[in-house]
Amino acid sequence: MLTADECVFKNIHVLDFDYQPKLIRYRENHQFAIANCIKPLFKNQKGENVLVYGSSGIGKTLACKNIIKELEEETDSITPIYVNCWQHNTTYKIALYICEQLNYPFTNNKKGVELFKEIADRINKSSAVFVFDEIDKAEDLDFLYTITEHILRYSIILITNHKGKLLSSIDNRIRSRLFLECVEFKKYNLEETRGILKERVDHAFCKGCFENDSFAFAVDQTYDRGDIRSGLLILLKAGKYADNLSSKYVKLDHVKKILDKIDKYAIKGSSDLDEPTRNILDLVKKKNGETIPALFKAYQEVNGDLGYRSFYRRIKALELNKYIAVTKVFGGKKGNTSKVEYLSL
Ligand SMILES: Nc1ncnc2c1ncn2[C@@H]1O[C@H](COP(=O)(O)OP(=O)(O)OP(=O)(O)O)[C@@H](O)[C@H]1O
Ligand SMILES: [Mg+2]
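Take this note's numbering: the last position of the sequence shown gets the number 360, and nothing is skipped along the way.
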């Protein structure tokens with residue numbers, strides 16, 4: 016039996032989805048383009064606004080968080096603010112969250128707009144960079160207008176997977192004020208995918224433990240999926256599989272064995288899906304574009320045993336983890352309802 020310190024991993028945390036690698040390769044130009052939009056703030060002028068877009072798991076959040084980190088290290092005169100809009104999905108919640116970041120405690124009994132005035136009072140002494148990640152998850156976009164109204168010098172960075180859908184959901188009035196520069200993130204090519212995963216393997220595994228042919232296969236599989244997160248998951252699960260067999264090496268066969276699991280379970284989110292949720296996801300795949308009540312009816316017809324509330328909760332969890340998109344449909348035959356669409360990788 017292997018003891019705790021005899022395993023294939025040297026530092027397993029390097030494979031966490033939110034681990035910030037020191038080196039972010041292949042995104043230098045993107046970061047440069049975004050940084051350029053922020054530059055005027057250093058001269059006390061108005062910054063430009065950016066829409067960062069591209070598919071899942073290709074370094075958008077990583078690159079923008081790195082810019083925030085560099086700003087924090089470089090200057091005190093620009094306040095960087097990062098908001099994930101599925102965690103804070105209304106103008107009010109976003110205002111509260113920003114107040115918290117600015118250490119402003121008197122938020123009780125104040126409306127969103129009032130809070131933004133307090134935020135402006137603090138930021139207008141200098142300037143700010145706002146990053147709104149997962150912007151398509153925000154239920155309203157009033158906060159964008161409010162920022163353009165009350166803050167004097169700012170850059171806004173919006174991050175999304177769905178450029179067209181987002182742009183069409185932004186009111187003309189806000190869009191013309193923002194005048195967004197677009198920065199597209201494309202999927203990594205095979206060479207780049209290899210470079211990124213090599214870096215992680217070297218830091219996460221003991222020297223020589225991840226065999227060359229296993230690694231080459233993991234790279235190919237990641238490239239096919241076009242998502243670095245799935246690559247990190249392949250490395251992690253294959254390593255754990257090897258450990259469970261008390262093998263000193265991660266072999267090709269180990270990587271092949273865990274692939275099934277990778278495709279069945281969460282690639283986009285960090286937590287694995289449980290079985291009832293997986294069944295609901297399969298149903299959405301089959302009945303793409305249906306409303307939530309119609310899906311629930313279909314779910315009952317195949318003997319699904321969850322009540323409506325539990326079913327609805329799982330739909331919301333799938334939405335949060337970006338397996339599905341839920342869009343509101345107003346004034347249909349049956350009143351306001353929501354349409355559910357499967358999001359392929
Ligand atoms: N160039 C890179 N170097 C090192 N790691 C990378 C690189 N690009 C992406 N990653 C890693 O891949 C994972 C996914 O990246 P990230 O979270 O930035 O994706 P994203 O484009 O924001 O995806 P989503 O649209 O799903 O939010 C992260 O764990 C990140 O650290
Ligand atoms: Mg992201």
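From the three backbone atoms N, C-alpha and C, an ideal C-beta is built for every residue, glycine too.
Note that the structure is predicted; figures quoted are calculated from it, not measured.
- Excluding the 5 residues flanking it on each side, Leu247 has same chain C-beta neighbours closer than 7 Å at Leu30, Phe32 and Arg215, in chain order.
- For Leu117 and Arg137, the gap between their C-alpha atoms comes out near 8 Å.
- Of the residues Leu212, Lys61, Ala219 and Leu260, the one whose Cα lies closest to the Cα of Arg244 is Leu212.
- The count of Cβ pairs closer than 8 Å, one atom from the stretch 63 to 82 and one from the stretch 40 to 51, reaches three, so the stretches are in contact.
- Relative to the Cα of Lys337, the nearest Cα in the group Thr175, Thr122, His165 and Ser92 belongs to Thr175.
- Between Glu356 and Ala332, the C-beta spacing is not below 8 Å.
- Taken atom to atom, the span from the alpha-carbon of Asn139 to that of Leu111 is near 18 Å.
- Burial check for Lys343: the Cβ neighbour count within 10 Å stays below 16, so the residue is exposed.
- Placement of the Cβ of Asp148 at a distance of less than 7 Å from at least one heavy atom of ligand 2 is found.
- In the three-state scheme derived from DSSP, where H, G and I count as helix and E and B as strand, Ser70 is classed as coil.
- DSSP assignment within the stretch 165 to 236 yields the following whole beta strand (DSSP E) runs of 3 residues or more, N-terminal first: 169 to 175 and 196 to 199.
- As for any alpha helix (DSSP H) of minimum length 4 sitting wholly inside the stretch 52 to 99, the runs are 75 to 89, ordered along the chain.
- At a threshold of 7 Å, Thr76 counts as near ligand 1, since its beta carbon sits closer than that to one of the ligand's heavy atoms.
- Distances from the CA of Lys252 to each of Asp239, Gly241, Phe230 and Tyr238 were compared; the closest alpha carbon is that of Phe230.
- In the structure shown, the three-state DSSP call for Lys354 is strand.
- With respect to the 8 Å criterion, Cys197 and Tyr68 are classified as neighbours on the basis of their beta carbons.
- If you check the C-beta of Ile39 against ligand 2, you find no heavy atom less than 7 Å away.
- Residues of the same chain with a CB within less than 7 Å of the CB of Leu86, apart from the 5 flanking positions on each side, are Ile93, Pro95 and Val144 in chain order.
- Secondary structure at Ala153: coil, using DSSP grouped into helix, strand and coil.
- Here the C-alpha atom of Glu129 lies approximately 43 Å from the C-alpha atom of Lys300.
- Between the stretch 52 to 63 and the stretch 169 to 185, the count of C-beta pairs closer than 8 Å reaches three or more; the two stretches touch.
- Looking only at Lys180, Cys221 and Ser353, the smallest Cα-Cα distance to Lys263 is reached by Cys221.
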